[in-house]
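The structure appears right after this line, and notes come after that.
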Ligand SMILES: NC(=O)c1ccc[n+]([C@@H]2O[C@H](COP(=O)([O-])OP(=O)(O)OC[C@H]3O[C@@H](n4cnc5c(N)ncnc54)[C@H](O)[C@@H]3O)[C@@H](O)[C@H]2O)c1
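Numbering (the numbering used here), first residue to last: 4 to 341.
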């Protein structure tokens, strides 16, 4: 499989590392926003750098492009790729509005190309154990699910970027950029949310988006839940996912099972499993191993003509919930999730 990368900032390095490690895959071109940045990217990634993604796709002819641009610029390169019959693996969040995310989904469907959304924590071995146990009914009826993402980002993190924390570029801040990974896991285990009451505020940073947010959730299966997310809680704590059922409960911190109390089922934790890191206080402190697992899934889906595990519709779910939290906070009302 021939890969192109569009957007050559922080996360693009993880994508390049995955492509280099995957057998039968090669990086054939990268594109950035200016000639100067394209030249820097050429040096960094060792392949031809373009200042224009359209030209990169036409000349380098990748089979798959990774979209690593700012969150509010995932749609346009996706449309351009789909028009050329190129499969798309987009970073999270899919986009910053449901309208734009739905356009990504529909253009890929109509063009017959696969669309994947990176939510690498879905591939964490400990999370997979939890999901399997829940799907097998081992926790019994689900009662409550909580996602806590009490992270920290300093002022430089936002000041050093022209898009982070902005409504147009990021769609918000702490929930849509950082919290979304754990919120995606919460939804993947607990199922869809029926309605939500959210409150978000900007308390410690000079940004448009929220840096402290919380939400009360009613899931369609009758369970309840909460979300607490922030980038203001110094020094930043490992994110936590709590799932409580009638027959037991499981807690994950930074992707590792820290409590497994399930009636009649021993903990499947294997202590030798690799530490996958947490972005609690440093966005780049995550390893690329989980990205690699998701790349494997996406490449095998493209090769087999099947839908990838985290396709566009899956990627849309956490975005829809977070946007409903924002809207609920604005209107001070309990709202359904679209
Ligand atoms: N999965 C994860 O854990 C993870 C971690 C970090 C970032 N991300 C996501 O990756 C995306 C990029 O984040 P980042 O931290 O790498 O950002 P960044 O600011 O470091 O890099 C973004 C890059 O995109 C380029 N760009 C912006 N708009 C463009 C356009 N229209 N066309 C071409 N290039 C464009 C910029 O020049 C820059 O090189 C975001 O959506 C972010 O949410 C995901």
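Ideal Cβ placement from N, Cα and C applies to all residues, glycine included. This one's a predicted model, so the numbers in the text were calculated from it and none came from an experiment.
Which runs of the alpha helix (DSSP H), 4 residues or longer, sit entirely within the segment 67 to 93? 78 to 86
Fill in: Enclosing beta strand (DSSP E) for residue 231 [first to last residue]
Residues 227 to 233.
When DSSP labels each residue in this structure, what does residue 158 get in the three-state scheme? helix
Identified DSSP bridge partners for residue 199: 220 and 338
*asked:* Does the distance between the C-beta of residue 223 and the nearest non-hydrogen atom of ligand 2 fall short of 6 Å?
replied: Ligand 2 is absent from the structure shown, which contains only ligand 1.
Would you identify the three-state DSSP class for residue 247, choosing helix, strand or coil? strand
Within the present structure, is the beta-carbon of residue 13 separated from the nearest heavy atom of ligand 1 by less than 6 Å? Yes - ligand 1 has a heavy atom lying nearer than 6 Å to the Cβ of residue 13.
For residue 96 and residue 180, what's the separation of their Cα atoms in angstroms? 7 Å
Continuous alpha helix (DSSP H) stretch holding residue 183: start and end
183 to 193
message: Quick check: does the Cβ of residue 38 come within less than 6 Å of any heavy atom belonging to ligand 1?
response: no
With distance defined between alpha-carbon atoms, name the residue in 22, 10 and 7 nearest to residue 294. 22
Cutoff 7 Å; reference residue 110; Cβ partners in own chain excluding five residues on either side: 81, 82 and 85
Q) Within 10 angstroms of its Cβ, does residue 169 collect 16 or more other Cβ (buried), or is it exposed? A) buried
Legend entry - Segments assigned alpha helix (DSSP H), at least 4 residues, entirely inside the segment 122 to 183: 128 to 138, 158 to 162 and 170 to 173
- Task: Quick one: residues in its chain with C-beta nearer than 6 Å to the C-beta of residue 243, no 5 flanking neighbours on either side, listed in chain order?
- Result: 151 and 256
Range of the contiguous beta strand (DSSP E) that encloses residue 5 | 5 to 9
(Q) Looking at the secondary structure, which residues open and close the beta strand (DSSP E) in which residue 30 lies? (A) 29 to 34
Exercise. Quick one: does the C-beta of residue 213 sit closer than 6 Å to a heavy atom of ligand 1?
Worked result: no
Worksheet item: Got a sec? Which residues, its chain only, sit under 6 Å from residue 341 by beta carbon, not counting five neighbours each side?
Response: 323
Alpha helix (DSSP H) containing residue 304: first to last residue? 292 to 307
task = Using 10 angstroms around the beta-carbon of residue 11, count the other beta-carbons present and answer buried if the total reaches 16, otherwise exposed.
result = Buried: at least 16 other Cβ atoms inside 10 Å.
Beta-ladder partner(s) of residue 53, from DSSP:
34
Environment of residue 69 [buried if 16+ CB atoms lie within 10 Å]:
buried
Among 206, 327, 240 and 14, which residue has its Cα nearest to the Cα of residue 74? Measuring from the Cα of residue 74, the nearest candidate turns out to be 14.
Q: Measuring alpha carbon to alpha carbon, tell me which of 106, 62 and 116 ends up nearest residue 33.
A: 62
Applying the criterion that 16 or more other CB atoms from any shown protein chain within 10 Å of the CB defines a buried residue, is residue 262 buried or exposed?
exposed
Is residue 179 near ligand 1, with its Cβ less than 6 Å from a heavy atom? no
> Just the Cα atoms here: how many angstroms apart are residue 315 and residue 118?
Replying inline: 6 Å
Residue 161 to residue 139 span [Cα, whole Å]:
Looking at the two C-alpha atoms, the distance is approximately 42 Å.
Work out the CA separation of residue 334 and residue 228 for me, nearest whole Å. 20 Å
So is the beta-carbon of residue 72 under 6 Å away from any non-hydrogen atom of ligand 1?
yes
| request: For residue 250, I'd like the list of residues in its chain whose CB is within less than 6 Å of its CB, leaving aside the five on either flank, ordered along the chain. | output: 142, 143 and 266
Between residue 132 and the rest of its own chain, which residues show a CB-CB distance below 6 Å, the 5 nearest in sequence each way excluded? 271
* Where does the unbroken beta strand (DSSP E) through residue 119 begin, and where does it stop? -> Counting along the chain, the unbroken beta strand (DSSP E) around residue 119 starts and ends at 118 to 120.
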